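Colleague: Pasting a structure here, questions to come.
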Amino acid sequence: MSATTKSKIKDISELNNIAKSVRLKILHMLTNAGSGHTGGSLSAADVAVAIYFSKMNFNPQDPSWKDRDRFILSKGHAAPLLYAIMAEARYFPEETLDNLRQIESPLQGHPCCKRLAGVEVSTGSLGQGLSVANGIALGLRLDNNPARVYCIMGDGETQEGQVWEAAMTAAHYRIDNLCAVIDKNGLQIDGPVSKVMNIEPVADKWSAFGWHVIEIDGHNMEQIVIALDKAESVKGKPTMIIANTTKGKGVSFFENKVEYHGITPTREELAKAVVEINNG
Amino acid sequence: MGNTAETKGKEQTALKKPKATREAYGETLLELGRKRKDIVVLDADLSGSTKTGKFAKEFPDRFFNMGVAEQDMIGTAAGLSLTGKVPFASTFAVFETGRAWDQIRQTVCYSNTNVKLVATHGGITVGEDGASHQALEDIALMRVLPNMTVIVPADAAETSSVINAIADYKGPVYVRLGRSNVPHVMPEDYKFIIGKAFVFNTGKDANIIAAGIMVDIAKQAAEILKKEGIDTGVINMSTIKPLDENVLLSVAKKSKVIITAEEHSVIGGLGGAVCEFLSENCPTPVRRIGINDSFGCSGNSDDLLNLHELTADNIVKTVKSALKK
Chain A
0 MSATTKSKIK DISELNNIAK SVRLKILHML TNAGSGHTGG SLSAADVAVA IYFSKMNFNP
60 QDPSWKDRDR FILSKGHAAP LLYAIMAEAR YFPEETLDNL RQIESPLQGH PCCKRLAGVE
120 VSTGSLGQGL SVANGIALGL RLDNNPARVY CIMGDGETQE GQVWEAAMTA AHYRIDNLCA
180 VIDKNGLQID GPVSKVMNIE PVADKWSAFG WHVIEIDGHN MEQIVIALDK AESVKGKPTM
240 IIANTTKGKG VSFFENKVEY HGITPTREEL AKAVVEINNG
Chain B
0 MGNTAETKGK EQTALKKPKA TREAYGETLL ELGRKRKDIV VLDADLSGST KTGKFAKEFP
60 DRFFNMGVAE QDMIGTAAGL SLTGKVPFAS TFAVFETGRA WDQIRQTVCY SNTNVKLVAT
120 HGGITVGEDG ASHQALEDIA LMRVLPNMTV IVPADAAETS SVINAIADYK GPVYVRLGRS
180 NVPHVMPEDY KFIIGKAFVF NTGKDANIIA AGIMVDIAKQ AAEILKKEGI DTGVINMSTI
240 KPLDENVLLS VAKKSKVIIT AEEHSVIGGL GGAVCEFLSE NCPTPVRRIG INDSFGCSGN
300 SDDLLNLHEL TADNIVKTVK SALKK
């Protein structure tokens, strides 16, 4: 059987508790680092937690285990989210989170696969993760390996043309061992996505490109788990989960604030945020 | 030192019909595919021209036509490599290196994935399609990327040897091939080794460091110069990154002038690489022959080579002028 060290968690309240712990880690590490992306790390937290802890086979002691499921964070600026989850899963000690963005740190500003085992590919330049996820999925299929591939993208990210090249590829090659997620928080650096460069109708676009589309509340853990299970059962085409989310989710004074895309909490804000998340 | 041999084997090779390096690529890839199941191939709707079509026909399950989508092709190739496959991704050099440069930077070089970028239709000899399709900057674009190896074979046999060598090497590689038929210049028993230049001969007066189709032209120039009493060496620097610094240093120490010859911009390619190295390690007069910071245009290969002075006559003229003869 698999060499996973964590059994998969299906209990919704347990997953929600992990998401709380992940959010706290994100906020602490960003406050320590003094720079980094707060809003988009918090918005994708619930989906990412569900993918890692309710679905994926992986082994932190053997990050390159060949039968592992793969996770690609295409929106690489949400690196703090990935690092918080990896710490939660014991890929590395929690203290390592204090090194975020420090010189020579394994926790680079955007994920670097050559510095941190368990990161599949380096990301940060938007629009590229889905292509890599497709390639991994095709490679696994050639080997008759049943492992699955997950890819989280941002909504602003889908303005990149390469995303649509990859969208065609996944449908053309009937890549059904892939589940992609759009963290649709509605905001990008320069403002609302609808104002900067409208991407609607998002669901229709992915359907038209040949994907199975599931639209959910990206903070409702039950809906997330059901969607991920459904994605696994869809055969002959890739699945896109459109997760409607709130940028900065979990901290009232960060929520839906465009300016918290790329700035970090002050010590005072951190203290208030911790109380909110613990009570949330 | 690199491989050294005088021009043995010349007689045999000169008798063979000229052949395009892309033809050799298609044939070698097919042979590799028969030997190794981990070889996979991607193309962006140019498999007939790049000659990956031969592989596609025999191994349809291991061939991925990505359509006219070079950026996605590179990312997908990187993904395939992450499952242990050895992907060869091919299209025209101008699209491979230009259109998908950031993808190569992020998912191939920065992630240090085992992707082989083999581009055809490099250089001015693309011919009639004109400037939009003539890659004259590709070597510069690839050379600047950390972790990248850059190779420009001189003829069909060297191409075959290169393709086998890079299939066994782990890491990103860019290989630049051409569209047009080229004469056989390398000796029959030559075997390419990554990072090793091939020294045809060394000269006391001048040495020409050439790559690709310019190796043959450099040999012609050296013959003319020899008749005029100017001792001129010819080196095939097929690996442009990493440069064979030992060979370069040893010939620079012995000669009065170094000439670089390439079917590429004089900025950032072989000429740039040689100047960067020599200026710091053995300052030597250098003259760069290549495309002089301009775009190409339509025309047949020979007319284009003449127009841009990528000729034996121009090399001869340049050597003489540098030596003030």
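Residue numbers (numbering that gives the first Met the number 0), protein chains in the order written: chain A, 0 to 279; chain B, 0 to 324.
Note that beta-carbon positions come from the ideal geometry of N, C-alpha and C, so glycine has one too.
This one's a predicted model, so the numbers in the text were calculated from it and none came from an experiment.
1. Give the straight-line distance between the Cα atoms of A/V250 and A/V192, rounded to the nearest whole angstrom.
2. Where does the unbroken beta strand (DSSP E) through B/V85 begin, and where does it stop?
3. Determine, using beta carbons only, whether B/I257 and B/L242 come nearer to each other than 8 Å.
4. Is it buried or exposed for B/K323, if we count other Cβ within 10 angstroms and need 16 for buried?
5. Could you spell out where the beta strand (DSSP E) holding A/E87 opens and where it closes?
6. Pick helix, strand or coil for A/K229, following the three-state DSSP scheme.
7. Considering only DSSP beta bridges, list what B/V209 is partnered with.
8. I need the straight-line Cα distance from B/T106 to A/K113, nearest angstrom please.
9. Can you find a C-beta in chain A that's less than 8 Å from the C-beta of B/Y24?
10. Any idea what DSSP makes of A/G249, helix, strand or coil?
11. Determine the closest residue to B/P86 out of A/E119, A/V131, A/P79, A/I50, with distance taken between C-alpha atoms.
12. What do you get for A/M0, buried or exposed, if any count of 16 or more other CB atoms within 10 angstroms of its CB means buried?
13. Around the Cβ of B/S131, are there at least 16 other Cβ atoms within 10 angstroms (buried) or fewer (exposed)?
14. Listed in chain order, which residues of the stretch 104-115 of chain A have Cβ atoms closer than 7 Å to some Cβ of chain B?
15. On the CB-based measure, 16 or more other CB atoms within 10 Å of its CB, does B/T158 come out buried or exposed?
16. Is B/M213 close to chain A, meaning its C-beta is less than 8 Å from at least one C-beta of that chain?
17. Using a C-beta to C-beta distance shorter than 7 Å, which residues of chain A count as neighbours of B/D101?
18. Please go through the stretch 93-137 of chain B and give each complete beta strand (DSSP E) segment of 3 or more residues, from N-terminal end onward.
19. With distance defined between alpha-carbon atoms, name the residue in B/Y168, B/I216, B/D292, B/N163 nearest to B/A153.
20. Less than 8 Å separating the beta-carbons of B/G32 and B/F54?
21. Which of the three DSSP states is assigned to A/E254 in this structure?
22. Could you spell out where the alpha helix (DSSP H) holding B/I192 opens and where it closes?
23. Should the stretch 69-81 of chain A be called in touch with the stretch 143-151 of chain A, which here means at least 3 C-beta pairs below 8 Å?
24. Please return the same chain residues whose Cβ sits closer than 7 Å to the Cβ of A/G33, not counting the five positions on each side in sequence.
25. List the residues of chain B that A/T168 touches, going by C-beta distances under 7 Å, in chain order.
26. Taking 8 Å as the CB-CB limit, is A/L72 close to chain B?
27. How is A/N243 classed by DSSP in three states: helix, strand or coil?
28. Taking the alpha carbon of B/A272 as the point to measure from, which residue in B/L306, B/S179, B/A139 has its own alpha carbon closest?
29. Hey, A/A86 and A/V224: beta-carbon distance below 8 Å or not?
30. Helix, strand or coil, according to DSSP, for B/D204 in the structure here?
31. For the alpha helix (DSSP H) that B/E22 lies in, which residues bound it at each end?
32. Take every Cβ of the stretch 134-149 of chain A, pair it with every Cβ of the stretch 170-187 of chain A, and state whether three or more of those distances are shorter than 8 Å.
33. What would DSSP say about B/K255, mapped onto helix, strand or coil?
34. Is it buried or exposed, B/N245, if we count other Cβ atoms within 10 angstroms and call 16 or more buried?
35. Name the two residues that bound the continuous beta strand (DSSP E) containing A/E199.
36. Under 8 Å between C-beta atoms, does B/A68 make it to chain A?
Modeller: This is what the structure gives:
1. Stepping through the first sequence from its first residue, residue 250 of chain A is reached at position 251. Stepping through the first sequence from its first residue, residue 192 of chain A is reached at position 193. Approximately 21 Å, taken between the alpha carbons.
2. As a first step, residue 85 of chain B must be located in the second sequence, where it is residue number 86. Start and end: 85-89.
3. To locate residue 257 of chain B, count along the second sequence from 1; it is residue 258. To locate residue 242 of chain B, count along the second sequence from 1; it is residue 243. At least 8 Å separates the beta-carbon of B/I257 from that of B/L242.
4. What you label residue 323 of chain B is simply residue 324 of the second sequence in a count that begins at 1. Exposed is the call here.
5. Within the first sequence, the letter at position 88 stands for residue 87 of chain A. That residue, A/E87, is in no beta strand (DSSP E); its alpha helix (DSSP H) goes 78-87.
6. By one-based count along the first sequence, residue 229 of chain A stands at place 230. Assigned with DSSP and collapsed to three states, A/K229 falls in helix.
7. Here the question's residue 209 of chain B lines up with position 210 in the second sequence. The sequence as given places Ala at residue 209 of chain B; Val does not occur at that position. Per the DSSP secondary-structure output, B/A209 pairs in a beta bridge with B/N235, B/A260.
8. Counting from 1 along the second sequence, the entry for residue 106 of chain B is found at position 107. Counting from 1 along the first sequence, the entry for residue 113 of chain A is found at position 114. Rounded to whole angstroms, B/T106 to A/K113 spans 11 Å at the Cα level.
9. Counting from one through the second sequence, the residue named residue 24 of chain B turns up at place 25. By this cut-off, B/Y24 is not an interface position.
10. To locate residue 249 of chain A, count along the first sequence from 1; it is residue 250. Looking at A/G249 - three-state DSSP - the assignment turns out to be coil, as it is neither helix nor strand.
11. Along the second sequence, one-based indexing puts residue 86 of chain B at 87. When each option's Cα is compared against that of B/P86, the closest is A/V131.
12. As a position in the first sequence, residue 0 of chain A is number 1, starting the count at 1. At A/M0 the pLDDT is 37, less than 50, meaning the model places this residue with poor confidence; the figure from the coordinates comes in the next sentence. When all chains shown are included, A/M0 counts as exposed.
13. Position 132 of the second sequence, counting from 1, holds the residue named residue 131 of chain B. Residue environment: B/S131 is assigned as exposed (fewer than 16 neighbouring CB atoms within 10 Å of its CB, all protein chains considered).
14. From the stretch 104-115 of chain A, only C112, K113 have a Cβ closer than 7 Å to chain B.
15. To locate residue 158 of chain B, count along the second sequence from 1; it is residue 159. Buried.
16. What you label residue 213 of chain B is simply residue 214 of the second sequence in a count that begins at 1. With 8 Å as the cut-off, B/M213 does not count as an interface residue toward chain A.
17. Within the second sequence, the letter at position 102 stands for residue 101 of chain B. Chain-order list of chain A residues neighbouring B/D101: S124, by C-beta distance under 7 Å.
18. If we require 3 residues or more, the beta strand (DSSP E) runs fully inside the stretch 93-137 of chain B come out as 115-118.
19. On the second sequence, position 154 is the one that residue 153 of chain B refers to. Check the Cα spacing between B/A153 and each of B/Y168, B/I216, B/D292, B/N163: the tightest is with B/I216.
20. Counting from 1 along the second sequence, the entry for residue 32 of chain B is found at position 33. Counting from 1 along the second sequence, the entry for residue 54 of chain B is found at position 55. Cβ distance < 8 Å, so B/G32 and B/F54 count as in contact.
21. Within the first sequence, the letter at position 255 stands for residue 254 of chain A. In the structure shown, the three-state DSSP call for A/E254 is coil.
22. Translated into the one-based positions of the second sequence, residue 192 of chain B becomes position 193. Segment: none, B/I192 is in no alpha helix (DSSP H) and carries neither H nor E.
23. Using a C-beta cut-off of 8 Å, the stretch 69-81 of chain A makes contact with the stretch 143-151 of chain A, since at least three inter-stretch Cβ pairs fall below that distance.
24. Within the first sequence, the letter at position 34 stands for residue 33 of chain A. For A/G33, where only same-chain residues beyond five positions count, the Cβ hits under 7 Å are T263.
25. The residue given as residue 168 of chain A occupies position 169 in the first sequence. For A/T168, the residues of chain B that pass the 7 Å Cβ criterion are M65, D71, T75, in the order they occur in the chain.
26. The residue labelled residue 72 of chain A in the question sits at position 73 within the first sequence. Using beta-carbon distances, A/L72 does not count as an interface residue toward chain B, since no partner is under 8 Å.
27. For the purposes of this step, residue 243 of chain A is identified with residue 244 of the first sequence, where counting begins at 1. In the structure shown, A/N243 falls within a strand segment according to DSSP collapsed to helix, strand and coil.
28. As a working note, residue 272 of chain B is residue 273 in the second sequence. Nearest to B/A272 by alpha-carbon distance, out of B/L306, B/S179, B/A139, is B/A139.
29. Within the first sequence, the letter at position 87 stands for residue 86 of chain A. Within the first sequence, the letter at position 225 stands for residue 224 of chain A. Cβ atoms of A/A86 and A/V224: not closer than 8 Å.
30. Walking along the second sequence from the start, residue 204 of chain B turns up at place 205. DSSP, read as helix, strand or coil, puts B/D204 in coil.
31. Locating residue 22 of chain B in the second sequence gives position 23, where the first residue counts as 1. Counting along the chain, the alpha helix (DSSP H) containing B/E22 begins and ends at 20-34.
32. With a cut-off of 8 Å, the stretch 170-187 of chain A and the stretch 134-149 of chain A count as touching, because enough Cβ pairs lie within range.
33. For the purposes of this step, residue 255 of chain B is taken as the residue at position 256 of the second sequence. Coil at B/K255, not helix or strand.
34. Position 246 of the second sequence, counted from the first residue, corresponds to residue 245 of chain B. B/N245 should be labelled exposed.
35. Residue 199 of chain A sits at position 200 when you count from the first residue of the first sequence. Element bounds for A/E199: n/a, residue is neither H nor E.
36. If you number the second sequence from 1, residue 68 of chain B lands on position 69. Yes, contact with chain A.
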